[in-house]
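> Counting the sequence shown from 1 gives a position; my numbering is that position plus 1271. Ideal Cβ placement from N, Cα and C applies to all residues, glycine included. Sharing a structure with you now.
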Amino acid sequence: MLRNRCRCGRPPTYGNGCCLRCSAEATVDIPPNPERRANVPPSILTGGAWELARPAAVSNTLWLHQSRGLELLESGRNVVLATPTASGKTLVFQLWAMTELNRNPEAVILAFYPTKALANDQARRWRESCQALGMPDDTVEQIDGDVGMARREEIIRRARVVLATPDVTHAWLLRRSGDPLVRGFLRRLRGIIIDEAHAYEGVFGSNSAYLFRRLISAAASAGSPAAPRFVAATATIQDPEEHLEKLTGEEFRAVDQAMNGSPRHHREVHHLPLRGPQRWEEQLADLVTDIIDHDPEAQVIAFHDSRMGIERMVQRIGRPHEVLPYRSGYLAQDRRAIENSLRGNRVRAVIATSALELGIDMPDLNYGINMDLPPTRKQFHQRLGRVGRTKPAQFVLLAPRSRFRSYGETLGEYLAESVEPSHLYLDNEQIRYQQAQSLKDELERSGRDTRTPPDSAHWPKGFDESLRAAHGAPPTRLALQGTQAGTPPQLANSLRSSGEENLEILDDEEPIGIISVGRALEEAHPGAIYRHRGVSYRVEEWGRRRDTMKAYVRTRRIGQDMNRTSAIIRIMAALPADPGLTLARRELPNGHAALRRIVVTESVEGYEETKYGAVHYLQERKRDPRMSRKQRVMPTTAVEIRIEEGWFRGDFGEPWQARHQAAEALRMHLAYRRSIARQELGSLVENVFLETPRGCVELDDAILVYDRVHGGLGLVEDLYRNLARYARSVPPDYGNEPGTMYPDYRDALVRWAEGETVTPESEPELGPDRWWRAVREGTPVRIFSSHPNGMMEGEVKEPLWRDGVAYRVETAEGTAEAPEEALEPRGEPLDYRLWLPAEGRFRELQQGKAGG
1272 MLRNRCRCGR
1282 PPTYGNGCCL
1292 RCSAEATVDI
1302 PPNPERRANV
1312 PPSILTGGAW
1322 ELARPAAVSN
1332 TLWLHQSRGL
1342 ELLESGRNVV
1352 LATPTASGKT
1362 LVFQLWAMTE
1372 LNRNPEAVIL
1382 AFYPTKALAN
1392 DQARRWRESC
1402 QALGMPDDTV
1412 EQIDGDVGMA
1422 RREEIIRRAR
1432 VVLATPDVTH
1442 AWLLRRSGDP
1452 LVRGFLRRLR
1462 GIIIDEAHAY
1472 EGVFGSNSAY
1482 LFRRLISAAA
1492 SAGSPAAPRF
1502 VAATATIQDP
1512 EEHLEKLTGE
1522 EFRAVDQAMN
1532 GSPRHHREVH
1542 HLPLRGPQRW
1552 EEQLADLVTD
1562 IIDHDPEAQV
1572 IAFHDSRMGI
1582 ERMVQRIGRP
1592 HEVLPYRSGY
1602 LAQDRRAIEN
1612 SLRGNRVRAV
1622 IATSALELGI
1632 DMPDLNYGIN
1642 MDLPPTRKQF
1652 HQRLGRVGRT
1662 KPAQFVLLAP
1672 RSRFRSYGET
1682 LGEYLAESVE
1692 PSHLYLDNEQ
1702 IRYQQAQSLK
1712 DELERSGRDT
1722 RTPPDSAHWP
1732 KGFDESLRAA
1742 HGAPPTRLAL
1752 QGTQAGTPPQ
1762 LANSLRSSGE
1772 ENLEILDDEE
1782 PIGIISVGRA
1792 LEEAHPGAIY
1802 RHRGVSYRVE
1812 EWGRRRDTMK
1822 AYVRTRRIGQ
1832 DMNRTSAIIR
1842 IMAALPADPG
1852 LTLARRELPN
1862 GHAALRRIVV
1872 TESVEGYEET
1882 KYGAVHYLQE
1892 RKRDPRMSRK
1902 QRVMPTTAVE
1912 IRIEEGWFRG
1922 DFGEPWQARH
1932 QAAEALRMHL
1942 AYRRSIARQE
1952 LGSLVENVFL
1962 ETPRGCVELD
1972 DAILVYDRVH
1982 GGLGLVEDLY
1992 RNLARYARSV
2002 PPDYGNEPGT
2012 MYPDYRDALV
2022 RWAEGETVTP
2032 ESEPELGPDR
2042 WWRAVREGTP
2052 VRIFSSHPNG
2062 MMEGEVKEPL
2072 WRDGVAYRVE
2082 TAEGTAEAPE
2092 EALEPRGEPL
2102 DYRLWLPAEG
2112 RFRELQQGKA
2122 GG
């Protein structure tokens, strides 16, 4: 039974009977701020839309940053409003947009929101503004992937403010840019609003940067008399002018934190240490329960970066009418039902992934919780900004006691450090090529020159080469994928990936969500328990529809089963021998560091279930053919580190441990210092292979830190450029905390990284006394042959050493010998193990687990 009061006199809100402040490892107070006001431009006062500002206005004033933003917009500038969450940025662009519509009866405004959830929430606010001004109901409309084609056409014919996601603009509007109806809309386009501009980074932001340029180009081609004006809003971003200029190609003026005039309530930020061996998710779920049980005024938002983790926590709490999950992958009707419940304050708590960092106006939240540190400080400040809008609030970082010490910081220093820049990767080959395919298609539909990017937009350097490549073969074999014949590139290439397919999740035959291949390997592999809106499902199989060729995951509902599965994942990396794929290399004593293109293969080999133990597909598929291995092949960019010294080289023991510590520490510190989501970086010590003319040989002196993004974004380049600095940043620690290294290993890594460049040594001869990757005996394959159809089906019987790796394959026509490049998989991907030809020994590749 909890005490009625903490020892400090506050109500208890934690399981030990104490308040959050007394339970915390550290607490930082964020004081309130008073408001500052300024006069608005006269043209806004008389522009017919001032009624929108009356609830927030005092005489003819608004908050300082609002007035300054309106001044810049009225002077003809592109503006980015970079002030905190809940500082009234929406009022600025709505007031300007409605004034512009009153001035120009033909004008239309296109407002971009990065998620459907945010667009749904903001559509209500736009419509309320129209009603306040006496405008027709159809002045504001919304288009996203859930709106039918006929309805979309009616919207762009009649609406004057269209709310859209970048995705539907890419896949539908610009694909139709040659149609008279769409051209008429683009000709009248006078303003483009980009809300939550900090969300436009990484793969999504880089694709969107080309989308905005394509949109500018399409408007000019349609006969727009001037380029549309941009208004952007963001709460947490470094160098907002620079980011928006890279994002759109246009010049911007920023209204930033120094001009912020909005008031702010007092907030407390607590670092609450995780207790003992209890599962982290259970502690977060219990903390949510404690808070809503002991504070009747509590409105809680909790963040966790695992989609299945939030589902498990909601199941553990077991209060479906009080506590809801929210994440990506829900169907539209399910998502809107949750959003309406949250918006109406009909629930006490929501447990969400980053999908709820944006949108869903819930002003009365007074408790926030985050499981461990968010991937970036931008995300932390965005999440912190969700609480304390209308009343004082508390925000909890539920993290290991040593979390900040591992990075050489305190909670106060973490909060005081400025947010990081938002990274765009406009020179990524995969993204440029896919966007060039889309632009080429749009230019053809409008009857324009398809060989040169239109000069109405400012294109990134080198994009003209990608456009020329879109007329022929892709420039490299590793990075690029073409679209299927007959499929418009806008439909084949998603803005949110650089080449990865999505799968539809079916409950029997009814769709309940979507999932990417990468996530499905971890969460929805055959046999997995998949959770969706508090219900458990067993994954039965993967398949592909014959009529549409769309991939799917079929599941079976199993109710409230709390059992848990974790994927057994095998990761391999191949380092191509082609020297043209090594982007940079530095020779160091007894080794080298290189920035290079690699191919990573992630395959799920089975799973572990808490109730029944390990299930391996190799054995299970004999009973149930649906239980088969699944994989994705991911070309990407990596930093390769090879050190041929005794402390680092070897398959087992201390060298293996040193490599593991070095790889994980460098990955963690790169993610932290560059503010990269950890799931977008991978590190690998085992199963690293060098491609040679003789086959793929295992490297026992190498580690890789790589972009875990299809096609690679160059996320790891800073690690290569500043390797010694990153090595020095790793704390020495005998307790082996994550992100640290044993002092001797750390000092050896620093000495090596700081070494002088040397002349490269010749590569050693690679022969049968090394471990080679070999296809497993019994693997079904097809081989090239003189057979009439050019192929024969067979089964691998054994590897052979023929001055390199070859195979004896048993076919219906007899026994054949074939090198590995002549083998093609039959049924499922090729299965491998390691082979030492000189001794005829085999051993298994290393495997690991992924959260399920």
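Just the Cα atoms here: how many angstroms apart are Ala1740 and Ser1727?
Numbered from 1 along the sequence shown, position 469 holds the residue referred to as residue 1740. Numbered from 1 along the sequence shown, position 456 holds the residue referred to as residue 1727. Near 21 Å, if we compare the C-alpha coordinates of Ser1727 and Ala1740.
> Measure the C-alpha to C-alpha separation of Gln1752 and Arg1292 and round it to an integer number of angstroms.
Translated into the one-based positions of the sequence shown, residue 1752 becomes position 481. Translated into the one-based positions of the sequence shown, residue 1292 becomes position 21. In this prediction, Gln1752 scores a pLDDT of 46, lower than 50, which makes its location untrustworthy; the coordinate-derived value is nonetheless stated afterwards. Each residue's Cα considered, the two are about 53 Å apart.
> List in chain order: all unbroken beta strand (DSSP E) runs of 3+ residues lying wholly within the segment 1753-1826.
Runs of the beta strand (DSSP E) inside the segment 1753-1826: 1773-1778, 1781-1787, 1800-1803 and 1806-1815.
> Buried or exposed: where does Gly1280 fall if 16 or more other Cβ atoms within 10 Å of its Cβ makes it buried?
As a working note, residue 1280 is residue 9 in the sequence shown. Gly1280 should be labelled exposed.
> Between the beta-carbon of Val1311 and the beta-carbon of Leu1333, is there less than 7 Å?
Translated into positions along the sequence shown, residue 1311 becomes position 40. Translated into positions along the sequence shown, residue 1333 becomes position 62. Yes, the Cβ-Cβ distance between Val1311 and Leu1333 is below 7 Å.
> Report yes if the C-beta distance between Ile1380 and Arg1538 is below 7 Å; otherwise report no.
Position 109 of the sequence shown, counting from 1, holds the residue named residue 1380. Position 267 of the sequence shown, counting from 1, holds the residue named residue 1538. No.
> Tell me the start and end of each unbroken beta strand (DSSP E) in the segment 1555-1621 that is at least 3 residues and wholly inside, in chain order.
With a minimum length of 3 residues, the continuous beta strand (DSSP E) runs that stay inside the segment 1555-1621 are 1571-1574 and 1594-1597.
> How many angstroms separate the CA atom of Val1806 from the CA atom of Leu1595?
Start at 1 with the first residue of the sequence shown, and residue 1806 comes out as number 535. Start at 1 with the first residue of the sequence shown, and residue 1595 comes out as number 324. Going by the C-alpha atoms only, they are around 12 Å apart.
> Compare the C-alpha of Ile1426 against each of Met2062, Val1453 and Pro1437 and name the closest.
For this step, residue 1426 is matched to residue 155 along the sequence shown. The candidate whose alpha carbon is nearest that of Ile1426 is Val1453.
> Where in the segment 1928-1999 do unbroken runs of the beta strand (DSSP E), each at least 3 residues long, occur, reported from the N-terminal end onward?
Whole beta strand (DSSP E) segments, 3+ residues: 1952-1955, 1959-1963, 1966-1969 and 1973-1978.
> Near Glu1916, which residues of its chain fall below 6 Å by C-beta distance, leaving aside the five closest residues on each side in sequence?
Taking the sequence shown and counting its residues from 1, one reaches residue 1916 at position 645. Cβ neighbours of Glu1916 beyond the five flanking positions: Asn1861.
> Could you tell me the distance, in whole angstroms, from the CA atom of Leu1738 to the CA atom of Gln1708?
As a working mapping, residue 1738 is identified with position 467 in the sequence shown. As a working mapping, residue 1708 is identified with position 437 in the sequence shown. Between Leu1738 and Gln1708, the C-alpha separation is close to 7 Å.
> Three or more C-beta pairs under 8 Å: does that hold for the segment 1558-1578 against the segment 1693-1702?
With the cut-off at 8 Å, the segment 1558-1578 and the segment 1693-1702 do not touch.
> Do the CB positions of Phe1383 and Ile1487 come within less than 7 Å of each other?
Here residue 1383 refers to the residue found at position 112 of the sequence shown. Here residue 1487 refers to the residue found at position 216 of the sequence shown. No; because the gap between Cβ atoms is not below 7 Å, this pair is not in contact.
> Once DSSP output is grouped into helix, strand and coil, what is the label at Lys1732?
As a position in the sequence shown, residue 1732 is number 461, starting the count at 1. Here Lys1732 sits in coil by DSSP.
> Counting contacts by CB-CB distance shorter than 7 Å, is Pro1634 in contact with chain B?
Judged by its chain identifiers, the structure shown contains no chain B, having just a single protein chain.
> Within a Cβ cutoff of 6 Å, which residues of the same chain sit near Gln1665, ignoring the five residues on either side of it in sequence?
Numbered from 1 along the sequence shown, position 394 holds the residue referred to as residue 1665. Leu1291, Glu1539 and Tyr1638, listed in sequence order.
> Please classify Val1439: does DSSP put it in a helix, a strand, or coil?
Indexing the sequence shown from 1 puts residue 1439 at position 168. Looking at Val1439 - three-state DSSP - the assignment turns out to be helix.
> Please identify the residue among Met1420, Val1886 and Thr1356 whose C-alpha is closest to the C-alpha of Ile1839.
Here the question's residue 1839 lines up with position 568 in the sequence shown. The shortest Cα separation from Ile1839 among Met1420, Val1886 and Thr1356 belongs to Val1886.
> Can you tell me the Cβ-Cβ gap for Glu1794 and Tyr1801, rounded? I've got them flagged as a contact below 8 Å.
Along the sequence shown, read from residue 1 onward, the residue named residue 1794 stands at position 523. Along the sequence shown, read from residue 1 onward, the residue named residue 1801 stands at position 530. Right, the Cβ-Cβ distance comes to about 6 Å (below 8 Å), so this counts as a contact.
> Using the DSSP secondary-structure output, state which residues sit across from Ala1884 in a beta bridge.
Locating residue 1884 in the sequence shown gives position 613, where the first residue counts as 1. The displayed chain sequence assigns Gly, not Ala, to residue 1884. BP columns for Gly1884 point to Glu1880.
> Applying the criterion that 16 or more other CB atoms from any shown protein chain within 10 Å of the CB defines a buried residue, is Ile1640 buried or exposed?
Working through the sequence shown from its first residue, we reach residue 1640 at position 369. Buried, by the Cβ-count rule.
> How many Å lie between Gly1851 and Arg1867 at the Cα?
Taking the first residue of the sequence shown as 1, we reach residue 1851 at position 580. Taking the first residue of the sequence shown as 1, we reach residue 1867 at position 596. Each residue's alpha carbon lies about 9 Å from the other.
> Which residue from Phe1923, Ile1974, Arg1429 and Val1904 puts its Cα closest to that of Val1788?
Counted from its first residue, the sequence shown places residue 1788 at position 517. The shortest C-alpha separation from Val1788 is found at Val1904.
> Does the segment 1993-2007 come close enough to the segment 1710-1723 to have 3 or more Cβ pairs within less than 8 Å?
No, they do not touch.
> Please identify the residue among Gly1532, Arg1422, Asp2102 and Arg1930 whose C-alpha is closest to the C-alpha of Thr1872.
What you label residue 1872 is simply residue 601 of the sequence shown in a count that begins at 1. Among Gly1532, Arg1422, Asp2102 and Arg1930, the Cα nearest to that of Thr1872 is on Asp2102.
> Assuming Glu1951 contacts Phe1960 (C-beta within less than 8 Å), just tell me the rounded distance between them.
By one-based count along the sequence shown, residue 1951 stands at place 680. By one-based count along the sequence shown, residue 1960 stands at place 689. That belief does not hold up - the Cβ atoms of Glu1951 and Phe1960 are roughly 23 Å apart, past 8 Å.
> With Pro1511 as the anchor, note down where its alpha helix (DSSP H) starts and where it stops.
As a working note, residue 1511 is residue 240 in the sequence shown. Note, Pro1511: alpha helix (DSSP H), Pro1511 to Thr1519.
> In terms of alpha-carbon separation, which member of Ile2054, His1441 and Thr1410 lies closest to Arg1429?
Taking the sequence shown and counting its residues from 1, the one referred to as residue 1429 is at position 158. Measuring from the Cα of Arg1429, the nearest candidate turns out to be Thr1410.
> Of all the options Arg1827, Ala1687 and Leu1644, which has the alpha carbon lying nearest to the alpha carbon of Arg1672?
To locate residue 1672, count along the sequence shown from 1; it is residue 401. Taking only the C-alpha atoms, the option nearest Arg1672 is Leu1644.
> In terms of residues, what are the limits of the beta strand (DSSP E) holding Thr1908?
Taking the sequence shown and counting its residues from 1, one reaches residue 1908 at position 637. First-last of the beta strand (DSSP E) with Thr1908: Lys1901 to Ile1914.
> Identify, in the order they occur along the chain, each residue of the same chain with its Cβ nearer than 7 Å to the Cβ of Arg1825, setting aside the five sequence neighbours on each side.
Numbered from 1 along the sequence shown, position 554 holds the residue referred to as residue 1825. Taken in chain order, the residues that qualify are Leu1777, Glu1811, Glu1812 and Gly1814.
> How should Gly2049 be labelled, buried or exposed, when 16 other C-beta atoms within 10 angstroms of its C-beta is the threshold for buried?
By one-based count along the sequence shown, residue 2049 stands at place 778. Exposed: under 16 other Cβ atoms inside 10 Å.
> Taking the C-alpha atoms as reference points, what is the distance between Glu2069 and Met1843?
For the purposes of this step, residue 2069 is identified with residue 798 of the sequence shown, where counting begins at 1. For the purposes of this step, residue 1843 is identified with residue 572 of the sequence shown, where counting begins at 1. If I take the Cα positions, the gap works out to 21 Å.
> Would you give the residue range spanned by the alpha helix (DSSP H) that Ile1833 belongs to?
One-based indexing of the sequence shown puts residue 1833 at position 562. Note that residue 1833 corresponds to Met in the displayed sequence, not to Ile. Per DSSP, Met1833 belongs to no alpha helix (DSSP H) and is neither H nor E.
> If distances are taken between C-alpha atoms only, which option among Pro1646, Arg1648 and Met1633 comes closest to Arg1657?
Within the sequence shown, the letter at position 386 stands for residue 1657. Residue Met1633 is the option with its Cα nearest to Arg1657.
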